[in-house]
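Novice:
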Amino acid sequence: MSQYILINRIKVQNANAIAGFTWGFPAITNFLGFTHNLSRKLKSKIDFQDISLSGCAVIANEHNVHCYKTAGGICFTQNKKPQYLHGTSKADTKKTPSIIEEGKMNMTVSLLINFDGYLGNNETCFLDWLKNICYLQRLAGGTILNIKSIELINLNDGLELQKLKRKLLPGFILQDRSEYLNNQFEKLKKVKPGIELIDAWLDFFALKQKARPKSNLIDKHLQNQLDKNLENEETEKLLECWQTHKETPYEEKNIPSELKKHFASLEEQSNKNLLEQWKIYCNPTDKTEVNLEYIKKPEKGYLVPIMTGYKAVSRVYKNNEIANTRDSETDVCFVEAIHSIGEWQSVHRVKTNEELHNSLWYYTPYEEDWYLCQQGIELNNSLDNDYEQTTSIYD
């Protein structure tokens, strides 16, 4: 039986909108960290020590990044005058305070946390305690203003899943699509052996355009051919071949041979302008007039860049070796953010209990220098097993 804790509609103010060098939504580590902290506090509560938490699914219900659009792009909303200077004049200050750039956002999210244990008659007491603890925590650096409800979910059959989805709608669940990145990277390496992984990653998010020589006369000609010969199967195949060709980025070597044969058979006197355009289309120069076309993404879906963990870039230092640490005891390691690909998938597209369970994020098994979060890697050990093993991470 699958048991979950549903923390529904958590309204968060001023959460971190920047994750690594992406922005728009907090890193997945923020939500697993939130779950981890709940698990640690459960461990310290005598009445609930037999309860353990593990994976966490993230459902976004609403978000609003504090930014505005300018001619130069997107800028985060900044306040040049800090709160402690409000109500004072410039004459009262010796100098204008500097701006610390930070991306903030308001968001409403729901968390579905894997739950293991038996509460018996303590269910109401447990949920009340959990709600109070959640209000005392921060989520992605933001303040929790309101939680609509917290309840235990037992997914015994498909009917229970339908009820759960109705509670979460409208909402989008964050899915791991790192396999898309691997597939695209392997595909690009066959064409360009020296290509780097970041090039494959950018294929999913960068707005890329490619020039295509003008082909308005070619379009018109092939359409007219079809109109004149409605029952001509050869003409239909020719137009379909042309349309398929235009759906891919322009390459001179990729022009179909069927089209070349067709235009080679046309008389030059009656189709002078058309054949001239075809000649230029097949052999463009620097002065050729072109149309810019957007290059389609390698995969379909509402794909977004996400930060999924950290990679160590230094050895682990003793606390007294590093200045300005968060505490005076914990060892320190310097890291850089790890990025991958995620997909926002509408909750109604989750069809089975297994699909929902595979949407939970987990910490991966320990690997030297790697601190990763992935889906579909359910561990035997819950989050509270490393209660005493923590290391500060500085990005």
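If you count by our numbering, then the sequence shown holds residues -18 to 376, one letter each, in order. Quick reminder that beta carbons are idealized off the backbone N, C-alpha and C, glycines included. Quick caveat: nothing in here was measured; it's all calculated off a predicted structure.
#1: For my contact list, residue 131 and residue 100 are in at a C-beta cut-off of 8 Å; report their separation, rounded to the angstrom.
#2: Pull up the CB-CB distance for residue 169 and residue 176, whole angstroms please, since I reckon it's below 8 Å.
#3: Which residue from 230, 232 and 203 puts its Cα closest to that of residue 218?
#4: Who are the near neighbours of residue 9 in its chain, counting only those whose CB is closer than 6 Å to its CB and skipping five residues on each side?
#5: Measuring CB atoms only, is the stretch 88 to 98 touching the stretch 42 to 50, in the sense that at least three cross pairs come out at less than 8 Å?
#6: For residue 286 versus residue 321, is the C-beta spacing smaller than 9 Å?
#7: Ends of the beta strand (DSSP E) at residue 315?
#8: Per DSSP, residue 54 forms a beta bridge with which residues?
#9: Just checking my contact of residue 328 with residue 150 at CB under 8 Å: how many whole Å lie between their CB atoms?
#10: Is DSSP giving residue 16 helix, strand or coil here?
#11: Under DSSP, the alpha helix (DSSP H) around residue 297 begins and ends at which residues?
#12: Is residue 128 closer than 9 Å to residue 26 when the C-beta atoms are compared?
#13: Check whether the stretch 257 to 271 and the stretch 191 to 210 touch, using three or more Cβ-Cβ pairs below 8 Å as the test.
#14: Assuming residue 147 is part of the alpha helix (DSSP H), what are its boundary residues?
#15: Rounded to whole angstroms, how far is the Cβ of residue 272 from the Cβ of residue 189, which I believe are closer than 8 Å?
#16: Can you give me the C-alpha to C-alpha distance between residue 221 and residue 237, rounded to a whole angstrom?
#17: Taking the alpha-carbon positions, what's the residue 140 to residue 112 distance?
#18: Check the DSSP bridge columns for residue 386 and list the partner residues they point to.
#19: Based on the DSSP output, what are the partners of residue 119 in its beta bridges?
Specialist: The short version:
#1: Contact doesn't hold; Cβ gap of about 13 Å is too wide.
#2: 5 Å
#3: 203
#4: Listed in chain order, the non-local C-beta contacts of residue 9 below 6 Å within the same chain comprise 289, 342 and 354, local neighbours out to five positions each way being set aside.
#5: A contact exists between the stretch 88 to 98 and the stretch 42 to 50.
#6: yes
#7: 313 to 327
#8: 51
#9: Indeed, because the Cβ distance is near 6 Å, the residues count as touching under 8 Å.
#10: helix
#11: Where residue 297 is concerned, there is no enclosing alpha helix (DSSP H), given that its DSSP letter is neither H nor E.
#12: Cβ atoms of residue 26 and residue 128: not closer than 9 Å.
#13: Contact between the stretch 257 to 271 and the stretch 191 to 210 is present, because at least three Cβ pairs lie under 8 Å.
#14: 139 to 149
#15: With a Cβ gap of about 15 Å, residue 272 and residue 189 do not count as contacting.
#16: 11 Å
#17: 27 Å
#18: For residue 386 there is no data in the structure shown, the boundaries of the chain being -18 and 376.
#19: Bridge partners of residue 119: 124.
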